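Residue numbers (the working numbering): 160 to 420. Below: the structure, in structure tokens.
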């Protein structure tokens, strides 16, 4: 296999920008501002670690009705990242016609942003990186959406990363869940996909299966402080020794100051 250049990514998801926008000021307004500040810290982390790419694995926005200024803030904040950003829609910010990603041209503001728009699945081959990305755009109209359905095989020796927004279930588990990601699907990707960047769960989780590294980054700032395994972002390194990841705290609050409701 030809030598490939090392790669570093930062992986986040479930940012939920614009949450509580209709709740006025007070504690909900403060929470909304804190969520924005925390996403800014994700960008700082990506720059400080000299990451090549930032992956946002769905639910970047809390809903399709967030104010225009929230979308502008999001795009302008992404623009501050010196590398390339890749985003897939989630169930809170789907890609249905007329939805937020069609009404706003975020890529015109953040020139190094790529939004995955194809519902059937889309391969992205970023210029300047030994990287192939794949993801599917969620549609609200697809009641049987499967995030990894149609995942192709490896196409060459570059690093291969699949992005998915859904609910991981092991064999014999809750197979009735929506947006299902089965452990057998992850295991089947062994030898083809080097890393799977998942979103949909606010807590961080390692669901690696069958030799495939698969991670839920968790939310950088959860909607509720009951999610104690949130407040993090993943820094992932790819080199000749394989794939390694660490979780970095981006929640600016001292852990001891967080009161669980």
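Beta carbons: idealized from backbone N, C-alpha and C, even for Gly. Note that the coordinates shown come from a computational prediction; the quantities given were computed from them, not determined experimentally.
Residue i burial status per 10 Å Cβ neighbour count (16 or more: buried)
| i | result |
| --- | --- |
| residue 248 | buried |
| residue 368 | buried |
| residue 360 | buried |
| residue 282 | exposed |
| residue 261 | exposed |
| residue 314 | exposed |
Closest Cα partner of residue i within the set the options
| i | options | result |
| --- | --- | --- |
| residue 178 | 235, 201, 251 | 251 |
| residue 343 | 414, 202, 373, 317 | 373 |
| residue 355 | 276, 319, 279, 379 | 319 |
| residue 389 | 306, 397, 376 | 376 |
| residue 167 | 348, 378, 189, 289 | 289 |
| residue 326 | 346, 316, 305, 313 | 305 |
| residue 224 | 302, 241, 175, 348 | 175 |
| residue 291 | 302, 212, 329 | 212 |
| residue 387 | 362, 371, 410, 394 | 362 |
| residue 229 | 333, 199, 204, 256 | 199 |
| residue 301 | 273, 255, 269 | 255 |
| residue 385 | 245, 350, 403, 417 | 417 |
| residue 406 | 412, 378, 400 | 378 |
Enclosing alpha helix (DSSP H) for residue i [first to last residue]
| i | result |
| --- | --- |
| residue 268 | 265-268 |
| residue 236 | 227-238 |
| residue 260 | 259-262 |
Delimiting residues of the beta strand (DSSP E) encompassing residue i
| i | result |
| --- | --- |
| residue 168 | 166-171 |
| residue 408 | 401-408 |
| residue 274 | 272-274 |
Strand pairing of residue i, partner residues [DSSP]
| i | result |
| --- | --- |
| residue 294 | 281 |
| residue 243 | 212 |
| residue 372 | 354 |
| residue 185 | Answer by DSSP bridge pairing: none, since residue 185 is not bridged. |
| residue 328 | 341 |
| residue 318 | 290 |
| residue 365 | 374 |
| residue 396 | 167, 403 |
| residue 391 | 408 |
| residue 323 | 357 |
Presumed contact (8 Å Cβ cut-off) between residue i and residue j, rounded CB distance
| i | j | result |
| --- | --- | --- |
| residue 307 | residue 296 | Actually they do not touch by this definition, with Cβ atoms about 13 Å apart. |
| residue 392 | residue 204 | 6 Å |
| residue 172 | residue 217 | 6 Å |
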